[in-house]
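K.L.:
Here it is: the structure, laid out below.
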């Protein structure tokens, strides 16, 4: 008798767990887990003097306007599905330039750039935002003589 | 018709106007009493006469006369202050507070002549030389300024003591005003009269010198002969009978009938008071019943009773134009700080508030009337105080030395709390530091810098008025310029 009970009890518990699992699964709203999952992960973002071979060169926080251009480089790894991001360039608190960049799976690097003139000297920032306008990263730098 | 005009002139008086006239007439009267008998008053009268001549000349179109009179009056004002400084300071120094406000002095009437006579007889009997000055109407302050201020009560012993041989002040003259010895040891101006009898010495010459320039009575006691002389109006009267000294002094100073003299003085003061009242009334009428003049003034708007938690961040107008009217002299004398527009902020709320400017908000000096206000309403934007935490960004200027690159910075603290108007704070996303010059940065390090609030109405947290910027500087890599 005791042996029989001992053999039967584990089978009953596992069956109970399966049933509970199935019932619980029915109550989970469809797509909850997928919605929370980000479409991409920002691996790296810098402001740099130029781009060479898809890599940023001389990332810095102060740029001389005599160099003519400044770049914002962002790298996403992984990218789960095709999406887009924005590079918003601000001088002080004023939006100067916004660029939409498309990202493709499985990983993607993209950049935007602005021309530097004498009148542009001062503090700048680039906000990297996703399609839902969430800020992924803010990069701050200065343009100087 | 003239009766109607007269009625119009005196109609519509307020109790304040009457008080205004009486008060100023009294001030004028007090000035007269203060300077009565001094040369200052005579010169002032001359200045007033010149002013009247100048105004008349202006009315008649006499250009040069008017111009000359104006110049003379300006110069005379300075001359009065410079020439009569002793007399003016004498009046101010020797008078008590009550004298300035209500006391009326009687010229030498109250002088105890008996005491002076006793002292003079005693001095003459002891052959002690003495010189006693009794100023009358014109005063002597502008003629004699030397000596020692005494302001001592008059007594026989005091007078004898002053002239006692060897006493420090025995050589000069003593001045007696009212019941007091005001000054002693004074030097009198000597007469230049060449016909003075040889029996008279320096004391008589000095007494004569003073009476040549004033109406004062001077009593001289001769040291050699022990004779008493009364000097008045350039005349030396030797008194042979000591019993007559008192009578003669009374005759020269107050006369034998002080009551009669008192009445004359009272009459004179009453006439002066009436003249003061008439002058002030005339001045008041010329101000208030003169030609009506219109004028425009841009007056600043002041806001009162503002809630401590709220700030005014904008107003549609900071000034309002007031159209006012009044007599021309009043309008000409008007200055901006005499007018104000005060608006209460009671009952206002955050955001835009329309406030009406009414007559009750405008303060004007008496006699000035308000005709119009433009604009008559002002829109005020109020903002409640709030706090916000914002990131700090370094603001660099200048140029890094060649070959160097600033690769990273960190700001400590990264964010600061700022206080200011809620509406203003909404627009603020970053706080910047003051300019950090790059020229001197060659190696990694840190710098402490202040924050710049923009707009200036914002205030940083007291603890974080300065932040630390840590920077990393490295050599620039020289890669190829290929761009993909």
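Residue numbers (our numbering), protein chains in the order written: chain A, 5 to 149; chain B, 78 to 561. For each residue, glycine too, the CB sits at the ideal point set by N, CA and C. Here the structure is a predicted model, which means the values were calculated and not measured.
1) Given this structure, state the Cα-to-Cα distance separating residue 272 of chain B from residue 285 of chain B, to the nearest angstrom.
2) In whole angstroms, what separates the C-alpha of residue 122 of chain B from that of residue 139 of chain B?
3) Give me the residue from B:104, B:214, B:127 and B:149 with the minimum Cα distance to residue 180 of chain B.
4) Reducing DSSP to helix, strand and coil, say where residue 416 of chain B ends up.
5) Under the three-state reduction of DSSP, which class applies to residue 351 of chain B: helix, strand or coil?
6) What residue from B:514, B:390, B:508 and B:371 has the CA that sits closest to residue 408 of chain B's CA?
7) Can the beta-carbon of residue 109 of chain A be found closer than 8 Å to that of residue 515 of chain B?
8) Under 8 Å, Cβ to Cβ, is there at least one residue of chain A near residue 509 of chain B?
9) Which residues share a DSSP beta bridge with residue 67 of chain A?
10) So residue 486 of chain B contacts chain A; which residues on that side make the cut at Cβ distance below 7 Å?
11) Tell me the DSSP secondary structure of residue 374 of chain B in three-state form.
12) Give me the chain A residues within the contact set of residue 523 of chain B, using Cβ-Cβ distance strictly less than 7 Å, ordered along the chain.
13) Does the beta-carbon distance from residue 59 of chain A to residue 89 of chain A come in below 8 Å?
14) Enumerate, from N- to C-terminal direction, the unbroken beta strand (DSSP E) stretches of 3 or more residues contained entirely within the stretch 445 to 480 of chain B.
15) Is DSSP giving residue 406 of chain B helix, strand or coil here?
16) At a CB distance below 8 Å, what residues from the stretch 457 to 473 of chain B approach chain A? Give them in sequence order.
17) Name, going along the chain, the residues of the stretch 123 to 143 of chain A whose beta-carbon falls closer than 8 Å to a beta-carbon of chain B.
18) Beta-carbon of residue 97 of chain A versus every beta-carbon of chain B: anything under 8 Å?
19) Where does the unbroken beta strand (DSSP E) through residue 81 of chain A begin, and where does it stop?
20) From B:452, B:531, B:513 and B:299, pick the residue whose C-alpha is nearest to that of residue 523 of chain B; which is it?
21) Answer yes or no: do residue 488 of chain B and residue 550 of chain B have a C-beta to C-beta separation smaller than 8 Å?
22) Please state whether DSSP places residue 185 of chain B in a helix, a strand or coil.
23) Measure the C-alpha to C-alpha separation of residue 86 of chain A and residue 511 of chain B and round it to an integer number of angstroms.
24) Closer than 7 Å by beta-carbon distance: list the chain B residues that pair up with residue 62 of chain A, in chain order.
25) Rounded C-beta distance between residue 464 of chain B and residue 492 of chain B? I'm assuming under 8 Å.
26) Between the Cα of residue 151 of chain B and those of B:234, B:125 and B:302, spot the shortest distance and give me the residue it belongs to.
P.N.:
With the structure as the only source:
1) Your numbering for residue 272 of chain B matches position 195 in the second chain. Your numbering for residue 285 of chain B matches position 208 in the second chain. Cα to Cα, residue 272 of chain B sits roughly 12 Å from residue 285 of chain B.
2) Looking up residue 122 of chain B in the second chain gives position 45. Looking up residue 139 of chain B in the second chain gives position 62. Taking the straight line joining both Cα atoms gives about 22 Å.
3) On the second chain, residue 180 of chain B is found 103 positions in, with the first residue counted as 1. Looking at the Cα atoms, B:104 is the closest of the given residues.
4) The count along the second chain starts at 1 and reaches residue 416 of chain B at position 339. Judged by DSSP in its simplified three-state form, residue 416 of chain B adopts coil rather than helix or strand.
5) Taking the first residue of the second chain as 1, we reach residue 351 of chain B at position 274. Residue 351 of chain B: helix per DSSP, three-state reduction.
6) Within the second chain, the letter at position 331 stands for residue 408 of chain B. Residue 408 of chain B has its Cα closest to that of B:371, out of B:514, B:390, B:508 and B:371.
7) Counting from 1 along the first chain, the entry for residue 109 of chain A is found at position 105. Counting from 1 along the second chain, the entry for residue 515 of chain B is found at position 438. Contact: no.
8) On the second chain, position 432 is the one that residue 509 of chain B refers to. Answer yes: the Cβ-Cβ gap between residue 509 of chain B and chain A drops below 8 Å somewhere.
9) Taking the first chain and counting its residues from 1, one reaches residue 67 of chain A at position 63. Paired residue(s): A:147.
10) As a first step, residue 486 of chain B must be located in the second chain, where it is residue number 409. Correct list: 65.
11) Your numbering for residue 374 of chain B matches position 297 in the second chain. If DSSP states are grouped into helix, strand and coil, residue 374 of chain B belongs with the strands.
12) Position 446 of the second chain, counting from 1, holds the residue named residue 523 of chain B. By Cβ distance, chain A contributes nothing, its closest Cβ being about 14 Å from residue 523 of chain B, past 7 Å.
13) The residue labelled residue 59 of chain A in the question sits at position 55 within the first chain. The residue labelled residue 89 of chain A in the question sits at position 85 within the first chain. Contact flag unset, no.
14) 446 to 451 and 454 to 474
15) Here the question's residue 406 of chain B lines up with position 329 in the second chain. Residue 406 of chain B falls in the helix class under three-state DSSP.
16) 468, 470, 471, 472 and 473
17) 125, 126, 127, 129 and 142
18) Against the first chain, residue 97 of chain A aligns to sequence position 93. For residue 97 of chain A, the answer is yes, since a Cβ of chain B falls inside 8 Å of its Cβ.
19) Looking up residue 81 of chain A in the first chain gives position 77. In the DSSP assignment, residue 81 of chain A falls within the beta strand (DSSP E) that extends over 73 to 83.
20) Taking the first residue of the second chain as 1, we reach residue 523 of chain B at position 446. It is B:513.
21) By one-based count along the second chain, residue 488 of chain B stands at place 411. By one-based count along the second chain, residue 550 of chain B stands at place 473. Result no, Cβ atoms of residue 488 of chain B and residue 550 of chain B do not sit closer than 8 Å.
22) Indexing the second chain from 1 puts residue 185 of chain B at position 108. Confidence in residue 185 of chain B is poor, its pLDDT being 49 and thus under 50, which makes the residue's placement unreliable; the coordinate value appears in the next sentence. In the structure shown, residue 185 of chain B sits in coil (DSSP, three-state: anything other than H, G, I, E or B).
23) By 1-based counting over the first chain, the position of residue 86 of chain A is 82. By 1-based counting over the second chain, the position of residue 511 of chain B is 434. Cα to Cα, residue 86 of chain A sits roughly 43 Å from residue 511 of chain B.
24) On the first chain, position 58 is the one that residue 62 of chain A refers to. The answer, in chain order, is 482, 553 and 554.
25) Taking the first residue of the second chain as 1, we reach residue 464 of chain B at position 387. Taking the first residue of the second chain as 1, we reach residue 492 of chain B at position 415. The C-beta separation of residue 464 of chain B from residue 492 of chain B comes to about 12 Å, leaving the pair out of contact by the 8 Å criterion.
26) Along the second chain, one-based indexing puts residue 151 of chain B at 74. Closest option to residue 151 of chain B, Cα to Cα, is B:125.
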